[in-house]
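Report on one structure; see the data block that follows.
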Amino acid sequence: MWRLAVVVAASGALAMSGCANNTESGGSETKTTTAAKVEKVDAIANSVPEPIKSSGKLIIGTDPSYPPNEYKDPAGKIIGFDVDLMNAIAGTLGLTPEYRASLFDKIIPSVQGGNYNVGMSSFTDSKKREEQVDFVTYFSAGSSWAQKVGAGINPDDACGLKIAVQTATVQDTEEMPARSKKCVDAGKPAINVVKFDDQTAATSAVMLGQADAMSADSPVTAYAIKQSNGKLEAAGEIFDSAPTAGRSRRVRRWLLHCSRHFST
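Residue numbers (mature numbering (1 follows the signal peptide of the UniProt record, and there is no 0)): -20 to -1, 1 to 244.
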């Protein structure tokens, strides 16, 4: 089970439930709900580091190409359920959220370098990433594949096929190497992994026939299928759904306070 987390200044992340502002674009119907008003909680806001508190802003790095988690609406505004969550966090801390679009693989280095206070982009809490940053997880998901309707692709027998993934995601760094190795070990051709800087391009590659299938976090794959106007369907079931443990180290106290506030 991929455990997704928000990466925070020099290390850290959040575990909390989602909030309520969601706009879906790209399909035949658009639904909008109004976010619940979030009040500043002084007991939590007082623990925010002074430089951030004085600025009045929480600078957030995100890759807005991963709907429905984080993406841009037709006007170019960054939205999604992760954004709803971070808006609520910022409000609780008495800060104004400021989102900065980034390539996914640049976010953690930019957080480490101090360019962002927070990285919020559907990060999987993996042991490798825990060597760089700390995590508190806020929801769990598996991975799943999408294909053109009727393609008949089996993720467990994809040797020699072109599979689209977003660069630096767990599908790129863990899933595809493991699957491809099984192919080679069985004397079959390796998977031809087609990497893209953003998930939108990976999805488009399947739609345009440039890739046979794509793999992404299960909510993202489900959303891509829903928005495809009947052109895409699931290939196989959601997998890697066994619970995994994530350990938090050196997590910022103010973010832990905030996570507990939302989870109670």
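Ideal placement from N, C-alpha and C gives every residue a C-beta, glycine not left out. Remember, predicted model here, so these are calculated numbers, not experimental data.
Contact between the stretch 99 to 113 and the stretch 83 to 91 is established, with three or more Cβ pairs separated by less than 8 Å.
For F176, the CB contacts under 8 Å within the same chain, skipping 5 residues up- and downstream, are A144, V145, Q146, T147, A182, A185 in chain order.
Relative to the Cα of T117, the nearest Cα in the group C163, P29, S106 belongs to S106. Residue state for L38 is assigned as strand, using DSSP reduced to three classes. The stretch 81 to 117 contains, as complete beta strand (DSSP E) runs of 3+ residues, the segments 98 to 104 (chain order). Taking a cut-off of 8 Å for Cβ pairs, the stretch 40 to 48 and the stretch 199 to 211 touch, as three or more such pairs fall below it.
Secondary-structure assignment with DSSP links V173 through a beta bridge to I143. Remark: C-beta atoms of G74 and K20 approach each other more closely than 8 Å.
L188 and I32 have their alpha carbons spaced roughly 45 Å apart. In terms of Cβ geometry, D165 and S102 do not form a close pair [threshold 8 Å].
Rounded to the nearest whole angstrom, the CA to CA distance from T149 to S120 is 15 Å. Between D136 and the set E155, K128, V129, K17, the nearest pair of CA atoms involves E155.
Between L212 and A158, the alpha-carbon positions lie close to 25 Å from each other.
L212: not part of any alpha helix (DSSP H); member of the beta strand (DSSP E) spanning 212 to 219, first to last residue.
Check the Cα spacing between V98 and each of A191, A193, I24, Y79: the tightest is with Y79. Judged by their CB atoms, A70 and T76 are nearer to each other than the 8 Å cut-off.
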